[in-house]
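Residue numbers for the sequence shown, in our numbering: 38 to 119.
Working notes, structure below.
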Amino acid sequence: MSNREQRKHIRDRRHQIDRELHLEKQRLLAEYERTVYYPAKKALYSECEQLTGHDYNFTDLSPLNRPMFVCQLCGKLEIRKE
38 MSNREQRKHI RDRRHQIDRE LHLEKQRLLA EYERTVYYPA KKALYSECEQ
88 LTGHDYNFTD LSPLNRPMFV CQLCGKLEIR KE
């Protein structure tokens, strides 16, 4: 095996190992995210809306060139059509 082939083999193997780790993390966290994390975030966004009305700051433009704002308190992202 040439040096170039060895290097390619190592890079491909590293990519495969990292990809397997990523997929396993997704599999393990899917249930938690669905049942705990996302409902908690949704409740937090609602609570922030009721208590403060959100404290949005401009952050960037979206890929469709629309302004994006993030609440400094709860982290909710809003893309506006302005």
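Positions of the beta carbon are idealized from the N, C-alpha and C atoms, including for glycine.
Distance, residue j Cα to residue i Cα
i, j, result
"L58", "Y74", "21 Å"
"F106", "D92", "9 Å"
"I54", "L60", "10 Å"
"K62", "E68", "11 Å"
"E42", "D49", "10 Å"
Whole-number beta carbon distance between residue j and residue i, since they are thought to touch under 8 Å
i, j, result
"R117", "P104", "5 Å"
Assigned secondary structure, residue i (DSSP; H/G/I helix, E/B strand, else coil)
i, result
"D97", "strand"
"E119", "coil"
Nearest candidate by alpha-carbon position, reference residue i, set the options
i, options, result
"G90", "L65, K45, S39 and Q109", "Q109"
"L98", "Y82, E119 and K78", "E119"
| query | Okay, do the segment 103 to 115 and the segment 84 to 92 touch, 3+ Cβ pairs below 8 Å being the bar? | reply | Contact holds between the segment 103 to 115 and the segment 84 to 92, because three or more Cβ pairs, one in each stretch, are under 8 Å apart.
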